[in-house]
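Engineer:
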Amino acid sequence: MAEAARLGRDFFAHPTLEVARALLGQRLVRLRDEYRLSGLISETEAYIGEEDQACHARAGRTPRTQIMYASPGHAYVYFTYGIHWCLNFVTEREGFPAAVLIRGIAPVEGVEVMRARRGRPDSILANGPAKLTQALDIDGRLNGLDICDPQALLFVEAAPSAPDEAVRRSPRVGMGDTPEPWRSIAWNFRWKYPQEIFPGG
DNA sequence: AGGACGATTAACT
DNA sequence: GTTAATCGTCCTG
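Numbering (this note's numbering), first residue to last: 374 to 574.
In structure tokens, the structure reads:
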């Protein structure tokens, strides 16, 4: 089976809500020396501009948010709660801070390695933003990576998009004291894929 | 310089 | 449902 095409910059150079929706079903791939880890993206969330009071860029350009102002197709990997790493892909255009948070994947390749890394049941191997980064060995070393670079060891491969009837939209998770309308706006996208194919989604 | 809190998770009761 | 873990980031003074 030939390697599928990596998604290029054009895929990410669109309105963030469109990119977040289009990513459902695409294959997130992490290459290591000896093996390949991958999964189909099952949940995403959009963070759009300095006005979005849930977006890290609400504070403007800072050392942390600088990468969100880069050209689309860059990885924004941030550290939170003193423990966890979360993965985003920069969208839209250079100079405008926006990104899609990857919140879940359905493991496909390297499941044994993910099991070993996570030490948890398969049903909850990678169904959370900080779970998938642990399963795929993604951390701050990958912050700022251009995932459209053909040499990159983290990228997204083209795959059939999730069908419309299986996509659900809801408010973003973990909004805490975020003011309205940002707290309740439905910028979370989830693929309700068949349980019999990928338990735990 | 100090403190509150976080785009979370897992282990409790 | 509640809470600890654990520290970078950002805001206040």
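Note that beta-carbon positions come from the ideal geometry of N, C-alpha and C, so glycine has one too.
Any idea which residues DSSP pairs C428 with across the strands?
Structural biologist: If you number the first sequence from 1, residue 428 lands on position 55. For C428, which the question treats as bridged, DSSP gives no partner whatsoever.
Engineer: Is the beta carbon of E418 sitting closer than 8 Å to the one on V473?
Structural biologist: The count along the first sequence starts at 1 and reaches residue 418 at position 45. The count along the first sequence starts at 1 and reaches residue 473 at position 100. Cβ distance < 8 Å, so E418 and V473 count as in contact.
Engineer: Who are the Cβ neighbours of A489 in its own chain at under 8 Å, not counting the five residues just before and after it?
Structural biologist: Residue 489 sits at position 116 when you count from the first residue of the first sequence. Correct list: empty, nothing qualifies.
Engineer: Thinking P554 and E465 are a contact (beta carbons under 8 Å), I'd like their distance in whole angstroms, please.
Structural biologist: Here residue 554 refers to the residue found at position 181 of the first sequence. Here residue 465 refers to the residue found at position 92 of the first sequence. Not quite, the Cβ-Cβ distance comes to about 20 Å (not below 8 Å), so this is no contact.
Engineer: Whole angstroms are fine: how far does the CA of P552 sit from the CA of V546?
Structural biologist: Here residue 546 refers to the residue found at position 173 when the first sequence is read from its first residue. Here residue 552 refers to the residue found at position 179 when the first sequence is read from its first residue. One C-alpha to the other measures close to 14 Å.
Engineer: Residues in the same chain with beta-carbon distance under 6 Å from G574, minus the five sequence neighbours each way, listed in chain order, please.
Structural biologist: Locating residue 574 in the first sequence gives position 201, counting from the first residue. Model confidence at G574 stands at a pLDDT of 49, short of 50, so the residue's coordinates are unreliable; what they give is reported in the following sentence. Answer for G574: S415, A479, Y566, listed in chain order.
Engineer: Are at least three pairs of beta-carbons, each pair with one atom in the region 485 to 505 and one in the region 531 to 543, less than 8 Å apart?
Structural biologist: They do not touch, by the three-pair rule.
Engineer: Measuring CB to CB, does V392 end up less than 8 Å from F528?
Structural biologist: Within the first sequence, numbered from 1, the residue matching residue 392 stands at position 19. Within the first sequence, numbered from 1, the residue matching residue 528 stands at position 155. No, the pair does not count as a contact, with Cβ atoms beyond the cut-off.
Engineer: Looking only at its chain, what residues have a beta carbon closer than 6 Å to the beta carbon of A430, apart from the 5 residues adjacent to it on each side?
Structural biologist: Here residue 430 refers to the residue found at position 57 when the first sequence is read from its first residue. Answer for A430: E423, T438, M441, P470, listed in chain order.
Engineer: Run the CB neighbour count on Q507, radius 10 Å, all protein chains shown included, and call it buried at 16 or more, exposed below.
Structural biologist: For the purposes of this step, residue 507 is taken as residue 134 along the first sequence, with counting starting at 1. With 16 or more other Cβ atoms within 10 Å, it is buried.
Engineer: Can you name the start and end residues of the beta strand (DSSP E) that I385 belongs to?
Structural biologist: Translated into positions along the first sequence, residue 385 becomes position 12. Correcting the residue identity first, residue 385 is Phe in this sequence and not Ile. Run containing F385: none in the beta strand (DSSP E); it sits in the alpha helix (DSSP H), 382 to 385.
Engineer: For P445, does the three-state DSSP call read helix, strand or coil?
Structural biologist: In the first sequence, the residue the question calls residue 445 occupies position 72. Here P445 sits in coil by DSSP.
Engineer: To the nearest angstrom, report how far apart L410 and C428 are at their CA atoms.
Structural biologist: On the first sequence, position 37 is the one that residue 410 refers to. On the first sequence, position 55 is the one that residue 428 refers to. Approximately 29 Å between the Cα atoms of the pair.
Engineer: In three-state terms, what does DSSP make of I475?
Structural biologist: For the purposes of this step, residue 475 is taken as residue 102 along the first sequence, with counting starting at 1. DSSP places I475 in strand when its eight states are reduced to three.
Engineer: CB N561 to CB S543, shorter than 8 Å?
Structural biologist: Numbered from its first residue, the first sequence carries residue 561 at position 188. Numbered from its first residue, the first sequence carries residue 543 at position 170. Contact flag set, yes.
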